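Note that our numbering has the sequence shown beginning at 5, numbered continuously upward.
Beta carbons are placed, not taken as given, at the ideal position from N, Cα and C, and that holds for glycine.
Note that the coordinates shown come from a computational prediction; the quantities given were computed from them, not determined experimentally.
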Amino acid sequence: MNYQPLIDAATVAMQHTYSPYSNFPVGAALLLKDGTIIMGTNVENVSFGATNCAERSAIFAAISQGYTKADFVALAVTGKTADPIAPCCICRQVLVEFFEPTSPIILHTTTTNEAKEVTVADLAPYSFKNME
Ligand code: THU
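The structure is reproduced here in C-alpha cells:
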C-alpha cells in the first residue's frame with residue numbers, strides 16, 4: 005500500500021501543533037476504511053501532564069466523530085527527528101486498544117523524509133490487553 009498520502013496528511017497536521025513548551029511539533033494521520041484521513045497533532049499544556057500526543061489526538065478525534073475501531077486501518081506519525089519518530093509508550097497502549105496487532109503504523113521523519121512501516125505488535129509486543 006502507498007502510505008505517502010497518509011504521511012503527507014501527518015506532515016500537514018504537524019503544522020497545526022500547539023507546542024509552546026517543547027517546541028517539538030508532531031503530526032499524525034489516521035486512515036479509515038472509507039478512505040477518510042483524520043489528522044491529529046500534539047496539544048500541550050502549562051501543566052505538562054495534560055499534554056496530548058499527536059497519535060492520541062487523531063484517534064480520539066476519529067472516535068469523537070463517530071468512527072469505531074473497526075474502521076481503523078493504519079496510522080502515520082511524523083516529527084523532526086533524526087530517525088523516524090517512535091510513538092511514546094502511552095500512545096502505544098492506545099494503539100493496542102484501537103488497532104489489530106498486525107495493523108500498519110508508519111513512522112516518519114521530516115528531517116530526512118525516511119519512513120518505516122511497523123506493526124502495533126512490533127511497537128507493543130507484550131501489552132496489557134484485558135482485565136481477565
Ligand atoms: N509527542 C507526540 O505527540 N507524539 C509522540 O509520539 C512523542 C511525543 C509530543 C508530546 C509533546 O508535546 C512533545 O512531543 C514532546 O514530548
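- Measuring CB to CB, does residue 43 end up less than 7 Å from residue 17? yes
- Task: Could you check what DSSP says for residue 121 in three-state terms: helix, strand or coil?
- Result: strand
- Query: Considering only residues of the stretch 68-117, which uninterrupted alpha helix (DSSP H) runs meet the minimum length of 4 residues and lie entirely inside it, listed in chain order?
  - Reply: 93-102
- Query: Taking the continuous alpha helix (DSSP H) assigned at residue 45, which residues delimit it?
  - Reply: For residue 45, there is no enclosing alpha helix (DSSP H); the residue is found in the beta strand (DSSP E) stretching over 41-45.
- What did DSSP end up calling residue 33 once you bin it into helix, strand or coil? If DSSP states are grouped into helix, strand and coil, residue 33 belongs with the strands.
- Is it right to say residue 86 is buried, meaning 16 or more other beta carbons lie within 10 angstroms of its own, or is it exposed? exposed
- Query: Between which two residues does the alpha helix (DSSP H) containing residue 18 stretch?
  - Reply: Note, residue 18: alpha helix (DSSP H), 8-18.
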